[in-house]
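Novice: Residue numbers (our numbering): 141 to 1046. For each residue, glycine too, the CB sits at the ideal point set by N, CA and C. Shown below is the structure under consideration.
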């Protein structure tokens, strides 16, 4: 090879090194700002960067004159993770499915056991949502590529220090962005992205939807930032001593004199932003990072007393900043944290219920789990309590790995943790300055320097390990990417120290050039497939976001059972429904495996069909249409089609489309209870009878035993079968979910049962009285009204002694409103007087009291309260009319008792 060709090759290798470094910088400084990587576009960015880094490194290896490969025990963990995902995706014989995940056969019985699944092939995969598991595999491979290339890129301790400075810089930038967005935001993330449900002006979030993840990202950078500050302090001290001896260097030091103050300011900003996030888990992670960092720095004899005093001063400054803005909120969150009670930390028991659900899933699917990425679909199988939100993750990285990957995943997790802990211990207990292979104590291999870097690396990993106990930070690409880079630094530091202190270094032998070219080709092909897998979801994401925005406007914040919801025929609602349909059609066009989009689209098609039918001449609902078709027992599908064409005309295309998307959605994930509810209403299209319809409802109960819409549909089905007791039991459970179907149940039953029966069976809570009264008042006798008010008065007064402030006032006003609606004047006046006792200076209270006194013809006192309100109210004609009535009434009372005497206003 000529010298020119060697020079060109070396130059290209150097350029590729710079490309790899640029890729890592993009992972830290660009990718996190696409919603922390949780957004589909963010995942595409992360995967694309990981693939680009891997391809650039593979090309660099092919061109380098010396081929090297750094091996690590973590490679086996990565390989094991890939094998678990593949095992969950490939088809298995039924006997093996029974052995590995016996609960699958219970949740998804075969067609021989129930006709509800007769249009599916027997489920043959361990993952119950294969598309999500494939997406999880893609992300896991991307993280693996980041780790492997980081290990290859780190040649020396200087490379580790460069990585640590990058990580610290990324934390600083995120903290600054988070604070600026909070203080000068416009309600959009990064002033650009309008999230359907989250407002970044309410909390310090940065580019993360969850404040816990924002705080965790900062916690990962705390250790590297402390390391940077401490090492800079020591360097400046040594530099000052040198400058005393060599005055010529004074001018050179002036330019760098601002670095240390800026670093210390940056550390304060990051800590302040982390606390302002109001994340309790983030505060624990930050504290863990600080403690571990200080322990390692003390071991390295770098943590001097004056540094601790400076740290105390910095803490005082942060406290002062918090006193100016946010101290009360931070104190409230930290008080919960230090209370030592799980009830204070988990007031609604959400975390504990999710943890229990994941443990139950682990027991049911012990060996290889229920499928990577399936949490949001399987947890309702085990969660008995209803919450009006979806839980995408288990609120614990450890438990989610256990439930989704079983014993195999736990073994790999424990292996990874063991590798981290052993590496950290090996660095912590480094012996004194040892003689290096080259026979001198070079600065690059000093024990102190290794321990200092270890302080930064292990601090970040400690934050990750601790925070994952009660959060899912391992599933956030921005956070796990930093964690992966820290693990690579930890592994390489152990290897570098061993190489520097060993008498015989074991060379890292790399593949030959031919093998390198083959690996480059494989990396391009595999990387291309990884990117391709993420392109569809990324293209579909904008349409999905527009759908979510539209659904919020309509008031449908969950995956709604549109078929079961009350139908409105207004033109505005019809237009909104059509708009949502267009958005979801765009979603499934780009992402054919979008599970939720298919089911929601099916529900929207059914909703649109009902709207069109209500406006047509033959206004048959879908339920009426299905019952008529089942009763007709058509001999063939052609007869059914002809009848449907006559009955509903072109509107039938809507439920034909709905049926296709229902079946597609259930084929992608058979755990969606509302899909079986839809099938129960549409089964007549395939010649289904009453037994088939009931079987679909029972299957919905099997996969969503606590689903609100499923219980509502099961009650309707039981009622049609004449099983009134079962219907009432299903509806009673549905009613106590406290969701949107409570009102629909009241709509349905108010004309069927008396109020006494409803109160006895459903045991409504105090807050339900307005809804029940509006439905039952017209049919209640005076005796029933009295029993109604007695029941809710008892419920309202039961815990009133425990209420204070506005809560107490609101309770008395609510009791007053109930009695007033039922024309129970003395009781209403008593409640308004009690409200006045609890809040004598509130206008709303004194106005209500004045109105009740006016109704009770206690005009003298009514005038006093209404005058007080009028003096503090401007231009209220209704209030003025009430006051004039009270004055006239008082005048009449005075004239009746003292004829001829005129009463003044006051």
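What does the alpha-carbon distance come out to for the pair residue 332 and residue 341?
Specialist: Distance between the alpha carbons of residue 332 and residue 341: 13 Å.
Novice: By alpha-carbon positions, which one of 215, 1013, 200 ends up nearest to residue 208?
Specialist: Cα-wise, what sits closest to residue 208 is 200.
Novice: Short check: CB of residue 1027 to CB of residue 1003, under 8 Å?
Specialist: Contact: yes.
Novice: Using C-beta distances below 8 Å, list every residue in its chain close to residue 721, excluding the 5 sequence neighbours before and after it, in chain order.
Specialist: The residues are 741, 744, 745, 748.
Novice: Give me the Cβ distance between residue 568 and residue 436, rounded to the nearest whole Å; I'm assuming they're in contact under 8 Å.
Specialist: Residue 568 to residue 436, Cβ: 7 Å. Contact.
Novice: Which residue's Cα is closest to the Cα of residue 859: 223, 667, 888?
Specialist: Residue 888 is the option with its Cα nearest to residue 859.
Novice: In three-state terms, what does DSSP make of residue 390?
Specialist: Model confidence at residue 390 stands at a pLDDT of 47, short of 50, so the residue's coordinates are unreliable; what they give is reported in the following sentence. Residue 390 falls in the helix class under three-state DSSP.
Novice: Counting C-beta neighbours from all protein chains within 10 Å, is the total for residue 861 16 or more, i.e. buried, or is it exposed?
Specialist: By the 10 Å Cβ count, residue 861 comes out exposed.
Novice: Need the endpoints of the alpha helix (DSSP H) that residue 222 sits in, please.
Specialist: First-last of the alpha helix (DSSP H) with residue 222: 214 to 229.
Novice: Does the distance from the CB of residue 169 to the CB of residue 267 come in under 8 Å?
Specialist: No; because the gap between Cβ atoms is not below 8 Å, this pair is not in contact.
Novice: Given a cut-off of 8 Å, decide if residue 505 and residue 612 are closer than it, judged by their beta-carbon atoms.
Specialist: Going by C-beta atoms, residue 612 is not nearer than 8 Å to residue 505.
Novice: How many Å lie between residue 264 and residue 846 at the Cα?
Specialist: About 26 Å.
Novice: Since residue 369 and residue 403 are thought to touch, with beta carbons under 8 Å apart, how far apart are those beta carbons, to the nearest angstrom?
Specialist: About 5 Å separates the two Cβ atoms, so the contact holds.
Novice: Straight-line CA distance for residue 810 to residue 714?
Specialist: One C-alpha to the other measures close to 30 Å.
Novice: Could you give the first and the last residue of the continuous alpha helix (DSSP H) run that contains residue 198?
Specialist: 180 to 203 is the span of the alpha helix (DSSP H), which, as asked, contains residue 198.
Novice: Can you have a look at residue 700 and say buried or exposed, based on whether 16 or more other CB atoms are within 10 angstroms of its CB?
Specialist: Note on residue 700: pLDDT 41, under 50, position unreliable in the model; no value is reported.
Novice: Using a threshold of 8 Å, state whether the C-beta atoms of residue 835 and residue 850 are closer than that.
Specialist: For residue 835 and residue 850, no; Cβs fall outside 8 Å.
Novice: Nearest by alpha-carbon distance to residue 587: which of 636, 736, 750 is it?
Specialist: Of the candidates 636, 736, 750, the one whose C-alpha sits nearest the C-alpha of residue 587 is 636.
Novice: Does residue 527 come out as helix, strand or coil in the three-state DSSP assignment?
Specialist: It is coil, neither helix nor strand.
Novice: Where are the alpha helix (DSSP H) runs, 4 residues long or more, that stay fully inside the segment 918 to 1004, in chain order?
Specialist: Correct list: 922 to 938, 945 to 961, 965 to 978, 983 to 995.
Novice: Enumerate in chain order the residues of its own chain whose CB-to-CB distance from residue 490 is below 8 Å, with the five nearest sequence positions on each side excluded.
Specialist: Cβ within range, chain order: 527, 531, 535.
Novice: Classify residue 672: buried if its beta carbon has 16 or more other beta carbons within 10 angstroms, exposed otherwise.
Specialist: Exposed, since its Cβ has fewer than 16 Cβ neighbours within 10 Å.
Novice: Would residue 762 be called buried (16 or more neighbouring beta carbons within 10 Å of its own) or exposed?
Specialist: Residue 762 is buried by the Cβ-count criterion.
Novice: Nearest-angstrom Cα distance between residue 293 and residue 549?
Specialist: Straight-line Cα distance between these residues: approximately 28 Å.
Novice: Once the 5 residues before and after residue 1046 are set aside, which same chain residues still bring their CB inside 8 Å of it?
Specialist: With a pLDDT of 44 at residue 1046, under the threshold of 50, the predicted position of this residue should be treated as unreliable, and no value is reported.
Novice: For the segment 212 to 222 against the segment 157 to 167, do three or more pairs of beta-carbon atoms, one drawn from each stretch, fall closer than 8 Å, so that the two count as touching?
Specialist: The segment 212 to 222 is not in contact with the segment 157 to 167.
Novice: Going by alpha carbons, who is nearest to residue 891 out of 907, 908, 914?
Specialist: Of 907, 908, 914, the residue nearest in Cα terms is 914.
Novice: Could you pull the DSSP bridge partners for residue 333 from this structure?
Specialist: 329.
Novice: Measure the beta-carbon distance from residue 360 to residue 307 and round it to whole angstroms, keeping in mind my assumption that it falls under 8 Å.
Specialist: Their Cβ separation, rounded to whole angstroms, is 7 Å, which keeps residue 360 and residue 307 in contact under 8 Å.
Novice: Check whether the segment 765 to 775 touches the segment 230 to 238, counting contact only when three or more Cβ pairs, one atom from each stretch, lie closer than 8 Å.
Specialist: Not touching, per the Cβ criterion.
Novice: My assumption, with CB atoms under 8 Å, is that residue 182 sits in contact with residue 174. Please give the rounded CB distance.
Specialist: Going by Cβ atoms, the distance from residue 182 to residue 174 rounds to 3 Å, so yes, they are a contact pair.
Novice: Roughly how many angstroms lie between the CA atoms of residue 605 and residue 539, to the nearest whole one?
Specialist: Taking the straight line from one Cα to the other gives about 13 Å.
Novice: Closer than 6 Å by C-beta to residue 580: which residues in its own chain qualify, once you throw out the five before and the five after it? Chain order, please.
Specialist: With a pLDDT of only 42 at residue 580, under 50, the local geometry of the prediction cannot be trusted, and no value is derived from it.
Novice: Quick one, which of 736, 352, 412 has its alpha-carbon nearest residue 422's?
Specialist: Answer by Cα proximity: 352.
Novice: Mind reading off the beta-carbon distance from residue 1063 to residue 731? Whole number of angstroms is fine, and I expect it under 8 Å.
Specialist: Nothing about residue 1063 can be reported from this structure: the residues present for the chain run from 141 to 1046 only.
Novice: Using beta-carbon positions only, say whether residue 518 and residue 501 come within less than 8 Å of one another.
Specialist: Contact: yes.
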